[in-house]
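Residue numbers (UniProt numbering): 1 to 347.
We put the beta carbon where it would ideally sit given N, CA and C, even for glycine.
Only a predicted model underlies this, so the values are computations on that prediction, with no experimental measurement involved.
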Amino acid sequence: MASLNLIQRPKGVTPASRNAQVHAAHLRPVISRHAPFTAASWTKSHAASSHNRLWARRAELSRSVQACGAEVDDGRTPGHPYPWEEDYDLLSDKVKEVTDELSKDLRGCNIWLVGMMGSGKSTVGKMLANTLKYAFFDTDSVIELAHDKKPVSQIFAEEGQDYFRNCESQIIKELSPYRNLVIATGGGAVLRPENWGYMHIGIVCWLNGDIDLLARRVARDGIEKRPLLAADAPEGADVQVVAREKLGSLLEQRRRYYENADVVVTLEGYGKDMENGAPTPAVMYRLLTAVNEKVQAKKREQAERMNFRIEGAEQLRNMRTLESPAAAASAAAAAQGEGEGAQPPSP
Ligand SMILES: Nc1ncnc2c1ncn2[C@@H]1O[C@H](COP(=O)(O)OP(=O)(O)O)[C@@H](O)[C@H]1O
Ligand SMILES: O=C(O)C1=C[C@@H](OP(=O)(O)O)[C@@H](O)[C@H](O)C1
Numbered sequence: 001m002a003s004l005n006l007i008q009r010p011k012g013v014t015p016a017s018r019n020a021q022v023h024a025a026h027l028r029p030v031i032s033r034h035a036p037f038t039a040a041s042w043t044k045s046h047a048a049s050s051h052n053r054l055w056a057r058r059a060e061l062s063r064s065v066q067a068c069g070a071e072v073d074d075g076r077t078p079g080h081p082y083p084w085e086e087d088y089d090l091l092s093d094k095v096k097e098v099t100d101e102l103s104k105d106l107r108g109c110n111i112w113l114v115g116m117m118g119s120g121k122s123t124v125g126k127m128l129a130n131t132l133k134y135a136f137f138d139t140d141s142v143i144e145l146a147h148d149k150k151p152v153s154q155i156f157a158e159e160g161q162d163y164f165r166n167c168e169s170q171i172i173k174e175l176s177p178y179r180n181l182v183i184a185t186g187g188g189a190v191l192r193p194e195n196w197g198y199m200h201i202g203i204v205c206w207l208n209g210d211i212d213l214l215a216r217r218v219a220r221d222g223i224e225k226r227p228l229l230a231a232d233a234p235e236g237a238d239v240q241v242v243a244r245e246k247l248g249s250l251l252e253q254r255r256r257y258y259e260n261a262d263v264v265v266t267l268e269g270y271g272k273d274m275e276n277g278a279p280t281p282a283v284m285y286r287l288l289t290a291v292n293e294k295v296q297a298k299k300r301e302q303a304e305r306m307n308f309r310i311e312g313a314e315q316l317r318n319m320r321t322l323e324s325p326a327a328a329a330s331a332a333a334a335a336q337g338e339g340e341g342a343q344p345p346s347p
């Protein structure tokens, strides 16, 4: 068995179940090989992106149009609830601002991404990890790597869904004691209560998207990659229609589990993003903001808990004074004085 760098099995414990053996032999070394993962921060890489240059050019053009006294169409969608999402410079500044505040208080707490297939857990997760300077794990990829890069669909076909879910739970359990991780889970990870026990040690974020949006995305990727969508799909059927139907019924069963998340992030896109949902940096910004609100609320709550007054604190202080050696000596002297014919206290 390969050397295990991350988690050592306690002495005397031998893997009993088949899954434990699979884990010991495959999953653990894979986890250790892949941590930590580092990459340049998104804000930096984004500054050089073509999209950003396009926005800079647009701003330059509108300034020259304004200089001529003409009306400016800044290209933004009227009524967009998050207008800064349409300006990548502004969005980048806002990401930096919220990341700076959050990083101070997050203290390495793990972020778990949950949500239906196609909600962007892997895509957003990578960007989020770069931004927070966290390591990134995708439970599906860890399972595939642990099985010599066998795709999830093949593992489902050869070993069955239960086996896959056991591997998934094992990885979640293994990763949970670590810090500074963003973990993209598979869409079905929410089904097992024991997974929640581990995920809730960190902050669980649900990427909540409209079924039509998810169906468009998974159909574009090809549903054969996702065994629960590909199973029993009628020959020649419209892939998007099949995906929509299956995702719809899965969401109906899973919604109540997703609702256990600490934070919910909507994928809704506006204006030009209506079809594809909010762009990844925008989803990440929404997520960072929601997590930050949660963390800051927790911090305030803790500060409030520390700000208490002990009823009767004054009496406690007086008791201490009486019990101090000096107070005891003077009390004894006074008592002795009384005994030596001191005046009785006035009534
Ligand atoms: N914000 C986004 N805008 C447009 N396409 C996206 C976005 N997020 C993800 N996608 C695309 O949707 C598909 C599913 O994303 P993925 O990250 O694999 O989802 P999940 O891990 O939740 O199944 C991929 O093709 C990905 O490129
Ligand atoms: O929803 C599910 O049950 C599944 C989602 C998939 O992951 P993604 O959500 O990353 O597609 C993968 O774990 C497997 O095909 C099962």
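When DSSP builds the beta bridges, which residues end up paired with residue i?
i, result
"residue 138", "184"
"residue 203", "111"
"residue 131", "Residue 131 is not bridged to any residue."
"residue 266", "208"
For a test of the three-state rule: what should DSSP assign to residue i, helix, strand or coil?
i, result
"residue 38", "Confidence at residue 38 is low in this model, with a pLDDT of 31, below 50, so its placement is unreliable and the value that follows should be read with caution. Correct three-state label for residue 38: coil."
"residue 208", "strand"
"residue 92", "helix"
"residue 197", "helix"
"residue 258", "helix"
"residue 163", "helix"
"residue 281", "helix"
"residue 307", "coil"
"residue 103", "helix"
"residue 122", "helix"
"residue 176", "coil"
"residue 217", "helix"
"residue 244", "helix"
"residue 237", "coil"
"residue 296", "helix"
"residue 333", "helix"
"residue 146", "helix"
"residue 312", "coil"
"residue 222", "coil"
According to the Cβ coordinates, are residue i and residue j closer than 8 angstroms?
i, j, result
"residue 196", "residue 115", "no"
"residue 100", "residue 299", "no"
"residue 102", "residue 241", "no"
"residue 284", "residue 117", "no"
"residue 185", "residue 113", "yes"
"residue 261", "residue 204", "yes"
"residue 138", "residue 120", "no"
"residue 123", "residue 289", "no"
"residue 134", "residue 173", "no"
"residue 171", "residue 201", "no"
"residue 258", "residue 190", "yes"
"residue 176", "residue 192", "no"
"residue 223", "residue 243", "yes"
"residue 179", "residue 130", "no"
"residue 85", "residue 297", "no"
"residue 215", "residue 247", "yes"
Does ligand 1 have a heavy atom nearer than 7 angstroms to the CB of residue i?
i, result
"residue 222", "no"
"residue 278", "yes"
"residue 115", "yes"
"residue 217", "yes"
"residue 119", "yes"
"residue 283", "yes"
"residue 261", "no"
State yes or no: is the C-beta of residue i nearer than 7 angstroms to some heavy atom of ligand 2?
i, result
"residue 160", "no"
"residue 140", "yes"
"residue 228", "yes"
"residue 79", "no"
"residue 204", "no"
"residue 271", "no"
"residue 248", "no"
Quick check: does the Cβ of residue i come within less than 7 angstroms of any heavy atom belonging to ligand 3?
i, result
"residue 123", "This structure lacks ligand 3; the ligands present are ligand 1 and ligand 2."
For chain B, find out if any of its Cβ atoms is closer than 8 angstroms to the Cβ of residue i; answer yes or no.
i, result
"residue 196", "Protein chain content of the structure displayed is limited to a single chain, and chain B is not contained in it."
* **Stretch pair the region 207-222 + the region 268-281: three plus CB contacts closer than 8 angstroms** => yes
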